[in-house]
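To start, the structure under review is shown below, and the notes come after it.
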Amino acid sequence: MNQSQPTPAEIERAIRNVPDFPKPGIQFKDITPVLADARLFSGVIELLTGRFKPGMVDAVVGIDARGFIFAAAAAVRLQAGFVPVRKKGKLPYQTHEQDYALEYGTATVAIHADALKPGSRVLLIDDLLATGGTAAAAATLVKRLGAEILEISFLIELGFLHGRDKLKGYPVHSLVVY
Ligand code: AMP
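For the sequence shown, the positions run 524 to 701 when my numbering is used.
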């Protein structure tokens, strides 16, 4: 394919802001227009994986649910495995679980107990970094299996929520920051 690489500014223009979804006051960042555009979708994967070559990453861990889309494509690009971190109750085999705080109450994410070998090199990906609770819980699960996190990457970061503060100690990358 002879297509130019999209810039982060182009990707940002394709992200649709949906006010008051799923509840009043939330500005939902809808990534479906990015996914529907072949050049933008593959450009996002190139930008998320560009710091690595095949052989440098053993597994790409994706976070339920939109993180799966990017993590799975990144895994294929890097010739790495794909591992899902899911909401509690979805994974069928033995799991490790981690709670994290929401605005009201808590949520729980889970990973299969045998999903990662100790020492395996992991890239952790989600679509969006907001308060950082979800990604921090996912990172805790990856570490609990003895794997090494090379980097945590997002398509979008809501910088004003300071989610990075919960991911101290890990290299964090995001393509579009609001
Ligand atoms: P947090 O744990 O607060 O960092 O929230 C991150 C998770 O919630 C990600 O998996 C996102 O998909 C989702 N999320 C949070 N805020 C938004 C938003 N404004 N638009 C779209 N997704 C969001």
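Backbone N, C-alpha and C fix where the C-beta goes; we use that ideal spot for every residue, glycine too. Small disclaimer: the values here were computed from a predicted structure and weren't measured.
Whole-angstrom distance between A594 and I534, CA atom to CA atom: 17 Å
Proximity test, L652 beta-carbon vs the ligand AMP heavy atom, cut-off 7 Å: yes
Cα-Cα separation, A660 to Y623: 6 Å
Whole-Å CB distance - I586 paired with T657, under 8 Å assumed: 6 Å
Q621: CB within 7 Å of a non-hydrogen atom of the ligand AMP: no
Cβ distance (whole Å) where P531 is taken to contact L698 below 8 Å: 5 Å
Which of helix, strand or coil DSSP assigns to P577: coil
Range covered by the alpha helix (DSSP H) that runs through L571: A561 to T572
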